[in-house]
Structures are given as structure tokens and as C-alpha cells.
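Here the working numbering is used: the first residue of the sequence shown is 1025, the next is one more, and so on. Think of the CB as a built atom: it goes at the ideal place given N, C-alpha and C, for glycine as much as any other residue. Treat the numbers as computed from the prediction; the structure is a model and nothing was measured.
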Amino acid sequence: MMAQADTISHRADDSDPLETAEWLESLHAVLENQGPERVNFLLGQLSEAAHREGVELPFTATTPYINTIGADKQPPYPGNRELERRIKSIIRWNAMAMVTRANRAHDGIGGHISTFASAATLYEVAFNHFFRGKGDDYSGDQVYIQGHASPGIYARAFLEGRLTEEHLVNFRAELASGGGLSSYPHPWLMPGFWEFPTVSMGLAPIMAIYQARFNKYLQDRGLRKTNGQHVWAFLGDGETDEPETLGAITLAARENLDNLIFVINCNLQRLDGPVRGNGKIIQELEGIFRGAGWNVIKVIWGDSWDPLLAKDKHGSLVKRMGEVVDGEYQKYTVMPGEYIREHFFSKYPELAQMVRAMSDEELKKLKRGGHDPEKVYAAYKAAVETQGRPTVILAKTIKGYGTGEAGEGRNVTHQQKKLGEKELREFRSRFGIPISDEEVAKAPFYKPADDSEEIRYLKARREALGGFVPQRSTKPVRTEMPRIDAYKEFLEGSGEREVSTTMAFVGFLTKLLKDKQVGKFVVPIVPDESRTFGMEGLFRQCGIYSHVGQLYEPVDAGMLTYYREAKDGQLLEEGITEAGSMSSFVAAGTAYSTHGINMIPFFIYYSMFGFQRIGDLVWAASDSRCKGFMIGGTAGRTTLAGEGLQHQDGQSLLNALAFPTVRAYDPAFAYETTIIVLDGMRRMYEELEDAIYYITVENENYPHPPMPAGVEEGIIRGLYKFSNKDAGEGRPQAQLFGSGAILRETIRAQEILAADYGISTSVWSVTSYTELARDAIAAERWNMLHPTSEPRRSYLHEQLSGQPGPIISASDYVRALADQIVPYLPGHEMFVLGTDGFGRSETRDNLRRHFEVDAESIVVATLYQLSKMGQVEPHVVAEAIAKFKIDPEKVDPSRA
Ligand SMILES: Cc1ncc(C[n+]2csc(CCOP(=O)(O)OP(=O)(O)O)c2C)c(N)n1
Ligand SMILES: [Mg+2]
């Protein structure tokens, strides 16, 4: 398809055409006699020699703007083209009708017609010939479907008999009786159907990459056979602007993920307009993916271009194809053939000549590659056969294909939510749907009889490929988890030894990894932070996973904790990517459903870079019914001393509360963490609860007490009484709440209050304000809706009823975290201390004084609360402020 030797000599910038011709002739001779590999070798030698001589070679990231697989290299199509076209047309119709009818019933309910319209061929070829379903012993392919294409997927499931007409009528009416269909892929809402949430642009591609890598991990560790399975990610071309889309593509090449296929639907448009009006998105992406080491397959032109390309002896057609920008290509879609002749072909006389015998109508019908099943099939076949690297297919399509003047190729097409009567009729006729003129305006769904050729074919194809796709397995997978007895040492306290909750947790994890029953299912995930958390011991113990093992002798080979990479390594050391780590977390935490095996991920990271930075991936994890433990290390605004504003986390627990399946904890002592994790494992993997545990751990060292008797339930439910200090009969009383590292400040405040002010207090460890609030909200809601029944009491209510005095709470987090429970207290006043405002580089003591969460500030707050109740004189408060050298005019930390 490249321009031939005799034509190149016509180039104006050629100073010696004869010489050029000789070189090219030799090239052709070698190609003919010895094949492309030899040509490849010679060109490599030439370019290396030229480079050594200082010749700067032109950088070519891209190939010509034509199909990567030439017409002569296309495999025969294995399916029944005519039947497949009819099936596809019916699916197109029902998808469009579904959105149209939903918007007629509820104006503004939304939905998308144009995305699937552009991608129908891309999906149908895969459904009929590639997507593998799940078998008993086989997890099938994992398919990430472009969120906005979901009407097409529902329309197919309708033909497959998996969804009823009622389901389609209730598209975007999920609360309708009998259930409806969710707008986009959401496993949370349709747990037997959707597997992977994709609609937040950019998350599907990064999650797909790490899913593919996790499949290799399972295989390399001997836990599951995943070879032969493919991960398919269908993406929009506009979606590639999201940093997550392209941010991890080098990993896919580096890790040789030949089980990964990206299909980018290049319809040249996004929501507002062209993706690259002034350039060419396909060429841009080709350069990026080739540079990253991917196999790139371009599917640009349909078969009607083949005869023209065959005639392109002078290379002018390929040249013209390459110089036209996307904005212009988009325009050809909406203009008549006459316009295409004038603006595309008439640029060069030989091109005009080439199409002289073709009618305007024929020019208009020249197809794009992404709408040609044979071209698409050829690309998919090459992709699944590719070894050693991932493949991206760049398929050129038309947005809104088939919707005609209603939207085909128009800038408004993304927002097209329904077709009018005339447009419906045209759509019907264009795709040959057997619906009468009288009926068509109602946009009825059309389904051929079960014994029709279409339905039988479609079902037979899926059967041959192992079952329906998408289909999420809801088969219960139970694994017995270890009991507390085996981990008693973590409940016994550290004696005099000062340790951090992080160290204690790592000790626990180290032991868990050796657990005979479940150790092998544990997946520690770290974004280049193992040493920060003292986890480097795990390098040796369980190895860092690497598909190729370790190709070098590590620099610290002689040391006990040397950097050990291994093919069966268990630890995922992801490098500096929280987004990538979270994607691994999702792959591991959904393995129970994807692969039928309970994997237990522990993602350990800098707490500031979790919910705040990659919150949308956590949201997708929740939607995915992902299970596992997120461990927010170096947590606490005042506990991580020195690091300052960007690192000191005082809000991750607040952020976490909005995630319905996330249970967030702020433990103070090793026994608390241990109880939470073991209980969480039992609940998730034995009781099958869909949850993600978020646990903050800190780096402050202090002695840990043994677990008091009978506090297990309190630890899990969010609060328990830790200690009591009675200052004598009739003395003022208060309840002190402390959490995480600040609990120790609270305990110190208790001592001062008793010794210096004769005030009796109880100290409570609040492990989770959010769990307390959720429970209380649920109880109150029930009471409101059942006003004549015996009211339910929340756990908070039960625990605090009859506990005298005001509550003073202190944590290392913003006040809003503790404020959650205020409305549900059984009559207490509650005064909240917290760390609102920016952190700064300082010592712990100075930070706690600055944020007013140190023991002395807790004492002052307690005295003040009691003074408001008339139990302490105001001057006592003032004297305490002076005594503790608190400057009453100091800056307000929440604004400083
Ligand atoms: C993170 C995120 N930002 C914005 C959107 C809103 N949005 C939905 S579709 C769309 C345009 C999609 O264009 P493209 O990726 O090219 O897909 P197409 O529909 O053209 O196939 C946008 C901006 C979103 N879903 N997710
Ligand atoms: Mg697009």
C-alpha cells in the first residue's frame, strides 16, 4: 500500500530521483526475495549507521492514515454477515427506541443514542465472535463497556431474552415496580448484570490495565488459570483526554499485558464538539500508544475504499487522507456526496479522476472502518493473537450513525435524547425494521420470535462463546477466616515498648501473610511507600510481584530485607501511583465475583493521597462491590509531624463518610486495629457483606495497653468506655471522647482534670464517628416512620444514657467528623475540638497546641463547658488558660 518506487520519483523535493529509484528498487527486491523481516533488519542497520554518523533521522511516531491491516491481509469473515447485520439493526432500533420512549415518558430523564449508534459494529462483532463468557472453571473475558453505550447492551440482552420489554420501558426508572435499568454500568444497582462501572471517564481504562495485570498475577501465583482470557476496554476518543486514560499505558506494555485490548471508538466527537477538530485523534493516539510500546491497529476505512486504495498508484489518496483534519472529516458526514467530491477528491486532479465514474451517492456511502464488520473482525483477531504486548484498536466511526439529520455527525448529537416521528420512520427504513408506518411513531420495541433465524443465531453464538456477556457472578464465595485466638498477641499490649499503630498493624499483616488458611489470599498493595510504613521486611518474606521475576542482582542483595522481585511475588509494589494501586485494589477486591476466589487486598498508602486524590476510584470500587482494607498511613493532622500542609491529613475520615460501603475507623491502639480487621475479614469473606474498611494508622510511638475486657463490640460499633476517674461525690462530671493518636491527649486531660480541678470524667475511645452516626440515623429514621411503635435505641443512645455531664470530643480530624453524632445524643451538650485548617511543618506538641487538641486545650474546653452550666466559675477557666500559657489572642487555626 506504500507508494511505489516509480511514483516517489515525482516528489518535488527529490534532488536525485534516479538514485532514489535505485534504493527503492533494492528494497523491493529484498522484500520480494527475503521477506519483511530482512527489510526490517536492513533498515535498522541503516538507521543505526546514520545515527552514529550524526545524521538526525526524522521522528515518526505514526504510520500513514490508512488501515493497519491491508485488504490483502484480511482473514475471511467467519459469521453470517447478513444475519448479523439484521440483528445489529434490531439492536440499534431498540436502543434508540428505549431512550426516545424514556424521554417521552419523563422529559429530561436523559440517555444516549449517538454513542452506541457509532459503536454498534464494534460491539456486535465482539459479541458474535470474541467475548468469552464464564464457564465453571473459566472466568471468561472481562469487558469494560463504554458507559454511554449501555442502551445498546440492554437492547442486545432483550433479544437474548435476559431482559423483558418492561425492563426496557423502565430504562432510567430504577425505582419502578419490577425494577428498571440503570443509566450506566453499575454493579451496585444491577449486580447480576454489570461487572465494571465505567461511566466516569478515564476510570475504565486504568482499571482495565490493572485488571489485566491482576489476571497475570493470579496465574503467576498459581491461584487461578487466567491465560486465554482477555480484558477488553471500550473507550471514547474524547475520554482519552482524561489523565487516567493514558496515565498507566506504559505499565501495560512493560508488563507484557497481551491479555489486554483497548478499543477506542474514534467517532471524532465528544460532548460539545470535535475531539481534535484541527488535528487527527487517531494519529495522535497512535503516536502515544506506539511510543508506549503497544501494538496499534488502525481501522479507519471500510471496504468501499479498498478499490480506490488499490488504484492509488501515485500515493495521492493516502496523502489526501493524511492531510484532512478531523473537523473536516466530520463535515463530510453531514454533507452530500457532491461536497465530498469537491472538498476531498478535487484537491488533486488524479483523485478527481479516480472517482469520476462514481456517483455522488456512492461517494457519500464510502464507509468508515469502524462500521465495517470485516475490518473490525480482522483487527480483533489480530489483537487476540498478539503475544507479548497489549493492543489498542483505533476505530474510526460516525457519532450518531443512522440517526440522519437528527444528529448524525452533528455537534449536538451527544445530547440527542429522542427522535421525532419523521426521523423514526427514516431510521426504521434505513435499518429495515419491520414496523408499520402506523406503529412507528410509538417507537415500539421489536423482537423477532424465539425460533426466528436472528434469535437462534444470536443465542447460538453466545452459547459457542461460553454464555452471556456482561454477566456478573453473584455466586457466594465463602472462605473461612482466622479467629482472634491465633492473633491474641496483638491484644496483649506492648508493655513498656513504644510502637506506632502502623508498626503494630504491619506486625499483624506479617503474621497474617503466614497464615496457613488465608495467607496466600492476602494482597498487600503499596505505592512506593513500604519503607515509610516499615514494611520492607515483606520484600524478602513474600516477594514483590514481577511477571519477569528479577533480571538483576539487587544492590542490597547481602541484606536481610533485600529488594526481592519474584514471579510468584505476593506484594504489589506499584510505584508512585495511588490511582494504579487503587485499580489493583479493585481488581483484587472483586476477584470473588470476577474469578470466584476471595482475595484480600490491603492497600497501604499516605492517607492524604487517598480519598482526596483518588476518591472517584474509591467510588467506583464501592459501586463494584469491592471488598478489602484501605489503610491510611501517616494519618492525623498533628500526628504526622514536620511534613506540613500537603501531607498532614485531617479530612480523609470526613471524605470517607460519603461512601456508602466504606466503614471508616480511627483506632488508637493495636488491639483496636486487630479487632476491626479480623471482624472485617469475617464479615466480608464469611458473611459476604459488601464493604471496604478504611483504617487510619499513625507513626507516633507510644506504649499500647492490653485490651480491656468486653470492649470488642464497642470497638466495632464505634465507641467504648476506656477509663473512669472519679474525683469524689458531688464533683462536676464530664465525658471525654478521644480518637486515634489524640486519645492519649484525652487520657492526659483526664488526669489533669481529676488532679488539678477535682473533676470526674470517663474517657471513651471513639473508633468511628461515622459508624455511630449511621447507626443512630437508621434508628431515628425507623422511629420517625413508626411513630406509634416502641422506639429503637441507637448504640450511641444505649451507651451514653445516664452518663452525666457534657461531652468534650477531640480528634485529629476536622470537627465535622464528630459533629455528625450531635443530633443523636441522649440529651448531652457536646463540644468538639478538631483540626480544621491547613497543617504546617512543626513538632507534634506545637501542632497540637496550634490546633487546640492537646491535653491542656481539652482541659480548658471541659472547664469552659462546665462553666456554661454553672458548675465551674469562669475565672477558673481564665486561670487555666493562663497557667497552660495558651495565648487567648492566638490565630484561629481553622483560618490560618
Ligand atoms: C469524568 C467525567 N467527566 C465528564 C463526563 C460527562 N460526559 C459524558 S459523555 C461525555 C463525552 C464523551 O465523549 P467520548 O469519550 O468521545 O464518547 P462518545 O460518546 O463520543 O463515544 C462527557 C464529557 C463523564 N461522564 N465523566
Ligand atoms: Mg467520541
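From the DSSP output, read off the bridge partner residues of residue i.
i: residue 1745; result: 1788
i: residue 1260; result: 1289
i: residue 1888; result: According to DSSP, which records beta bridges pairwise, residue 1888 is partnered with nothing at all.
i: residue 1589; result: 1568
i: residue 1727; result: 1522
i: residue 1364; result: Residue 1364 pairs with nothing; no bridge assigned.
So what does DSSP say about residue i, is it helix, strand or coil?
i: residue 1817; result: coil
i: residue 1566; result: helix
i: residue 1298; result: strand
i: residue 1025; result: In this predicted model, residue 1025 has a pLDDT of only 36, less than 50, meaning its place in the structure is not dependable enough to derive any value.
i: residue 1845; result: coil
i: residue 1289; result: strand
i: residue 1700; result: helix
i: residue 1870; result: helix
i: residue 1831; result: strand
i: residue 1389; result: coil
i: residue 1318; result: coil
i: residue 1692; result: coil
i: residue 1349; result: coil
i: residue 1794; result: helix
i: residue 1369; result: helix
i: residue 1854; result: strand
i: residue 1837; result: coil
i: residue 1065; result: helix
Could you compute how far the alpha carbon of residue i sits from the alpha carbon of residue j?
i: residue 1325; j: residue 1420; result: 7 Å
i: residue 1625; j: residue 1543; result: 11 Å
i: residue 1116; j: residue 1594; result: 45 Å
i: residue 1915; j: residue 1142; result: 59 Å
i: residue 1651; j: residue 1628; result: 15 Å
i: residue 1309; j: residue 1267; result: 13 Å
i: residue 1506; j: residue 1539; result: 8 Å
i: residue 1749; j: residue 1530; result: 33 Å
i: residue 1803; j: residue 1848; result: 10 Å
i: residue 1755; j: residue 1685; result: 43 Å
i: residue 1138; j: residue 1410; result: 31 Å
i: residue 1838; j: residue 1663; result: 14 Å
i: residue 1205; j: residue 1395; result: 27 Å
i: residue 1044; j: residue 1338; result: 15 Å
i: residue 1675; j: residue 1681; result: 10 Å
i: residue 1715; j: residue 1082; result: 54 Å
i: residue 1157; j: residue 1110; result: 23 Å
i: residue 1611; j: residue 1599; result: 17 Å
i: residue 1360; j: residue 1151; result: 33 Å
i: residue 1408; j: residue 1510; result: 47 Å
i: residue 1642; j: residue 1475; result: 45 Å
i: residue 1903; j: residue 1897; result: 10 Å
i: residue 1951; j: residue 1461; result: Only positions 1025 to 1920 of the chain appear in the structure, and residue 1951 is not among them; the question remains open.
i: residue 1071; j: residue 1601; result: 36 Å
Q: Could you pull out every unbroken alpha helix (DSSP H) segment of at least 4 residues lying fully inside the segment 1522-1549, listed in chain order?
A: 1525-1538
Q) On the three-pair Cβ rule with 8 Å, is the segment 1652-1666 touching the segment 1547-1558? A) yes
Q) Would the segment 1859-1867 and the segment 1666-1674 be scored as touching if the rule is three or more Cβ pairs under 8 Å? A) yes
Q. Would the segment 1256-1271 and the segment 1585-1593 be scored as touching if the rule is three or more Cβ pairs under 8 Å?
A. no
**Q.** Cβ contact check for the segment 1524-1534 and the segment 1689-1696: 3 or more pairs under 8 Å
**A.** yes
Q) Quick one: complete beta strand (DSSP E) runs, 3+ long, within the segment 1208-1282? A) 1255-1260
Q. Can at least three beta-carbon pairs, one atom from the segment 1116-1129 and one from the segment 1477-1486, be found at a separation below 8 Å?
A. no
Q. Can you list, in chain order, the stretches of the beta strand (DSSP E) that have 3 or more residues and sit fully within the segment 1384-1448?
A. 1415-1420
Q: Determine contact between the segment 1286-1295 and the segment 1340-1347, defined as no fewer than three beta-carbon pairs at a distance below 8 Å.
A: no
Q. Of all the beta strand (DSSP E) runs that stay within the bounds of the segment 1488-1519, which reach a length of 3 or more residues?
A. none
Q. If you pair each beta-carbon of the segment 1078-1087 with each one of the segment 1295-1311, do three or more pairs fall below 8 Å?
A. yes
Q: Evaluate the contact criterion for the segment 1753-1769 versus the segment 1721-1728: three or more CB pairs, one atom per stretch, below 8 Å.
A: yes
Q: Determine contact between the segment 1436-1452 and the segment 1311-1331, defined as no fewer than three beta-carbon pairs at a distance below 8 Å.
A: no
Q. Do the segment 1361-1373 and the segment 1383-1390 touch if we need at least three Cβ pairs shorter than 8 Å?
A. yes
Q. Fully enclosed by the segment 1617-1671, which alpha helix (DSSP H) runs are 4 residues long or longer?
A. 1635-1647
Q | the segment 1431-1448 in contact with the segment 1463-1471 per 3-pair CB rule at 8 Å | A | yes
Q. Would you call the segment 1616-1623 and the segment 1234-1253 in contact, with 3 or more CB pairs under 8 Å?
A. yes
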